[in-house]
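Protein chains in written order, with the working numbering: chain A, 1117 to 1405; chain B, 1117 to 1405.
Built from N, CA and C at the ideal position, the CB exists for glycine as well.
Bear in mind that the values here come from a model prediction, so they are computed numbers and not experimental data.
This report refers to the structure that appears directly beneath it.
Spelled out as structure tokens, the structure:
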């Protein structure tokens, strides 16, 4: 569809986003997915999984900061963190900024995502070398089903609900995540675009509500220029905590100057959903992704 | 770059956004610019000016509502509104929702934009038939330079700073807009993407600050999936009013159920700038668009 010096992601043959690339650095097909790495002037290095933009140097900080720092500001004194997916290491790299986190478990199904990001995205994946980090190469759905341990925070940093990530959008998985949380534990799920993927978004939020309970599920929105729809959503789920009841009203000293998107005001603003998103959530979800 | 059934906007040969189109409904080159209208499944009807996505049925409400309702909620009892550019009629259509607005002047340089939108975007341009609306086909820069009238609100609904809109990004124009405002008057300017066009954004905000004064210029952000960078900015400028000091704390009854993006909470959240945008605004702007 595009000339050779552009990389283009078409979204369901409906819209497409492309970037002019300067070189292709990596190309592999693993047991789980295709992995490509490009370099570009506009977005820096780009990780593409199964033909979808996953990480770019230009904009990944928005997603990774909002995924990690939002629950970290709400859960009182979190010690253990589990990340499902997130093999790029971006969420881990945000998490290690908290000195009181004792253990960070990354459960990624595809070892080659981790090795690729270590090689081509050293800044994004830097946190993986922290001694508190343990990487498990396993299906995230099986991991939470079988885990004897509970976690204070679980982040579901999944790809779209196709290929290896399909299981990470099932109600069964959501219930297993809930059961792996400590009493004040909180999970954040990647829940797609409320703008272009409104049906998926609505259905996933409704399924999460069935599992976590009414009033326990709080979507929030972030801008990600390289994801279809531009406006993306994450969803905060907790058995006991409300996302606006933050324990950090100010940015803690150890984060000062180290964040590019998140601060306590941005946290609050992200939960202020546009009218059309609130309306969408009040309408009955259509079954099926 | 794309097959015939896609329309693609390349942004400075750096990134591109494309949509699969079902038909091309209109194609003209005027004295000022090229005008194209497409139909598509993903975004509905699309207006393209000078090869840039300008209006789509899918997402135009975000931009038009945030352009109009934000200053309308702050200025006490506004009676007169001037829109510069905005020939699609989208801003006018939001403005006529206010029963107490007495006069709405649309100053658009290109009559063919207005006639095209009346034909192909009847919903977007519906407000143009309101008896309070007066359309003037004139260069917006000359209009504010020569206007003997003052306005309570001026909206600069311009295209990018190339072609016919270049003059709408000059300090001279900004000063003429300021001088056309009543004492509690407020102007809102379209100020590009703080994500992909950070230098333009920073320079324009600095120029506005030189004209309106320090503490008088307040950028706010909105998601527009079809504009490069996804995250777009508008900037609120007033000689006397602060954008968070709203007179409408609740949505007025006559707007109830008629808005899809804006409400008083969304208003507040939009002025909560991401950390990187605030940092950008503190750094010295580089001269030249």
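(message) Please give me, in chain order, every unbroken run of the alpha helix (DSSP H) with length at least 4 that falls completely inside the region 1223-1283 of chain B.
(response) 1227-1236, 1238-1241 and 1256-1262
(message) Mapping the DSSP letters down to three states, classify residue 1322/B as helix, strand or coil.
(response) Your numbering for residue 1322/B matches position 206 in the second chain. Three-state DSSP puts residue 1322/B in a helix.
(request) Output the distance between the C-alpha atoms of residue 1319/B and residue 1296/A, rounded to the nearest integer angstrom. (result) The sequence position of residue 1319/B within the second chain is 203, counting from 1. The sequence position of residue 1296/A within the first chain is 180, counting from 1. Cα-Cα distance, rounded: 50 Å.
(request) List the residues of chain B whose Cβ lies closer than 9 Å to the Cβ of residue 1382/A, in chain order. (result) The count along the first chain starts at 1 and reaches residue 1382/A at position 266. Within chain B, the residues near residue 1382/A are 1388, 1389, 1390 and 1391.
(request) Out of 1198/A, 1306/A, 1301/A and 1211/A, state which residue places its alpha-carbon closest to the alpha-carbon of residue 1253/A. (result) For the purposes of this step, residue 1253/A is taken as the residue at position 137 of the first chain. It is 1198/A whose Cα lies nearest to the Cα of residue 1253/A.
(message) If the criterion is Cβ atoms closer than 8 Å, does the pair residue 1233/B and residue 1241/B meet it?
(response) Residue 1233/B sits at position 117 when you count from the first residue of the second chain. Residue 1241/B sits at position 125 when you count from the first residue of the second chain. Result yes, Cβ atoms of residue 1233/B and residue 1241/B sit closer than 8 Å.
(request) Check the Cβ of residue 1158/B against every Cβ in chain A and list those closer than 7 Å, keeping chain order. (result) Along the second chain, read from residue 1 onward, the residue named residue 1158/B stands at position 42. Within chain A, the residues near residue 1158/B are 1130 and 1131.
(message) Against residue 1206/B, what residues of chain A qualify as contacts under a CB-to-CB distance less than 8 Å, listed in chain order?
(response) To locate residue 1206/B, count along the second chain from 1; it is residue 90. Chain A residues near residue 1206/B: none, gap ~16 Å exceeds 8 Å.
(message) So that I know if they touch, is there some Cβ in chain B lying closer than 8 Å to that of residue 1154/A?
(response) Locating residue 1154/A in the first chain gives position 38, where the first residue counts as 1. No, no contact with chain B.
(message) I'd like to know if residue 1276/A contacts chain B, where contact means its C-beta is closer than 8 Å to some C-beta of that chain.
(response) Walking along the first chain from the start, residue 1276/A turns up at place 160. By this cut-off, residue 1276/A is not an interface position.
(request) Spell out a yes or no on whether the region 1302-1316 of chain B and the region 1336-1352 of chain B are touching, meaning 3 or more CB-CB pairs, one atom from each, closer than 8 Å. (result) yes
(request) Can you give me the Cβ contacts of residue 1118/A inside the same chain, cut-off strictly under 6 Å, excluding the 5 residues immediately before and after it? (result) The count along the first chain starts at 1 and reaches residue 1118/A at position 2. Residue confidence for residue 1118/A is low, a pLDDT of 47 falling below 50, so the modelled location carries little weight; the figure read from the coordinates is stated next. Hits under 6 Å: 1124 and 1134.
(message) Let's test the definition: count the other Cβ atoms within 10 Å of the Cβ of residue 1299/B and tell me whether it reaches 16, buried, or not, exposed.
(response) What you label residue 1299/B is simply residue 183 of the second chain in a count that begins at 1. Per the 10 Å Cβ criterion, exposed.
(request) Using a Cβ-Cβ cut-off of 8 Å, state whether residue 1376/B counts as contacting chain D. (result) The structure shown contains no chain D; its protein chains are A and B.
(message) With H, G and I counted as helix, E and B as strand and the rest as coil, what does DSSP make of residue 1311/B?
(response) As a working mapping, residue 1311/B is identified with position 195 in the second chain. Here residue 1311/B sits in coil by DSSP.
(message) Rounded to whole angstroms, what is the Cα-Cα separation between residue 1219/B and residue 1283/B?
(response) Translated into the one-based positions of the second chain, residue 1219/B becomes position 103. Translated into the one-based positions of the second chain, residue 1283/B becomes position 167. C-alpha separation (whole angstroms): 25 Å.
(request) Using a Cβ cut-off of 8 Å, pull out every chain A residue sitting near residue 1347/B, in sequence order please. (result) Here residue 1347/B corresponds to residue number 231 of the second chain, with the count starting at 1. Here the neighbours are 1339, 1341 and 1346.
(request) Use the C-beta contact count for residue 1370/A: other C-beta atoms within 10 angstroms, 16 or more gives buried, fewer gives exposed. (result) One-based indexing of the first chain puts residue 1370/A at position 254. By the 10 Å Cβ count, residue 1370/A comes out exposed.
(request) Identify which residue in 1261/B, 1172/B, 1145/B and 1336/B has its Cα closest to the Cα of residue 1290/B. (result) Your numbering for residue 1290/B matches position 174 in the second chain. Here the closest residue by C-alpha is 1261/B.
(request) Identify the contact partners of residue 1312/A in chain B, using a Cβ-Cβ distance below 9 Å as the criterion. (result) Working through the first chain from its first residue, we reach residue 1312/A at position 196. Here the neighbours are 1158, 1174 and 1341.
(request) Leaving out five residues on either side along the sequence, give the residues of the same chain with a beta carbon under 8 Å from the beta carbon of residue 1186/A. (result) Against the first chain, residue 1186/A aligns to sequence position 70. Counting only Cβ-Cβ distances below 8 Å, and skipping sequence neighbours, we find 1304, 1336, 1350, 1352, 1359, 1378, 1383 and 1386.
(request) For residue 1142/A, name the three-state secondary structure that DSSP assigns. (result) Position 26 of the first chain, counted from the first residue, corresponds to residue 1142/A. Of the three classes helix, strand and coil, the one that applies to residue 1142/A here is strand, per DSSP.
(message) So that I know if they touch, is there some Cβ in chain B lying closer than 8 Å to that of residue 1135/A?
(response) For the purposes of this step, residue 1135/A is taken as residue 19 along the first chain, with counting starting at 1. Taking Cβ atoms only, chain B reaches closer than 8 Å to residue 1135/A, which makes this a yes.
(request) Decide if the region 1196-1215 of chain A is in contact with the region 1269-1276 of chain A; the criterion is three or more beta carbon pairs, one per stretch, under 8 Å apart. (result) yes
(message) Restricting to Cα atoms, I'd like to know which of 1238/B, 1193/B, 1190/B and 1192/B is closest to residue 1208/B.
(response) Taking the second chain and counting its residues from 1, the one referred to as residue 1208/B is at position 92. Checked all of 1238/B, 1193/B, 1190/B and 1192/B; the closest Cα to residue 1208/B is 1238/B.
(request) Would you list the residues sitting across from residue 1123/A in a DSSP beta bridge? (result) Counted from its first residue, the first chain places residue 1123/A at position 7. Residue 1123/A is bridged to 1135/A.
(message) Is residue 1369/B close to chain A? Criterion is C-beta to C-beta, closer than 8 Å.
(response) Along the second chain, one-based indexing puts residue 1369/B at 253. No, its Cβ sits nowhere closer than 8 Å to a Cβ of chain A.
(request) Would you identify the three-state DSSP class for residue 1386/B, choosing helix, strand or coil? (result) The sequence position of residue 1386/B within the second chain is 270, counting from 1. Three-state result, residue 1386/B: helix.
(message) Are the CB atoms of residue 1391/B and residue 1179/B within a distance shorter than 8 Å?
(response) As a first step, residue 1179/B must be located in the second chain, where it is residue number 63. As a first step, residue 1391/B must be located in the second chain, where it is residue number 275. Against a cut-off of 8 Å, the Cβ pair of residue 1391/B and residue 1179/B comes out as no contact.
(request) Measure the alpha-carbon distance for residue 1169/A versus residue 1396/B and round it to whole angstroms. (result) Along the first chain, one-based indexing puts residue 1169/A at 53. Along the second chain, one-based indexing puts residue 1396/B at 280. For residue 1169/A and residue 1396/B, the distance between alpha carbons rounds to 26 Å.
(request) For residue 1239/A, return the contacting residues in chain B, with the cut-off set at a CB-CB distance below 8 Å. (result) As a first step, residue 1239/A must be located in the first chain, where it is residue number 123. Here the premise fails: no neighbours, minimum Cβ distance about 16 Å.
(request) Classify residue 1381/A as helix, strand or coil using the three-state DSSP reduction. (result) Stepping through the first chain from its first residue, residue 1381/A is reached at position 265. Residue state, collapsed to three classes: helix.
(message) Just to make sure I have the definition right: I need the residues of chain A whose C-beta is within less than 8 Å of the C-beta of residue 1167/B. Which are they?
(response) Indexing the second chain from 1 puts residue 1167/B at position 51. Neighbours of residue 1167/B on chain A: none; closest Cβ ~15 Å, over 8 Å.
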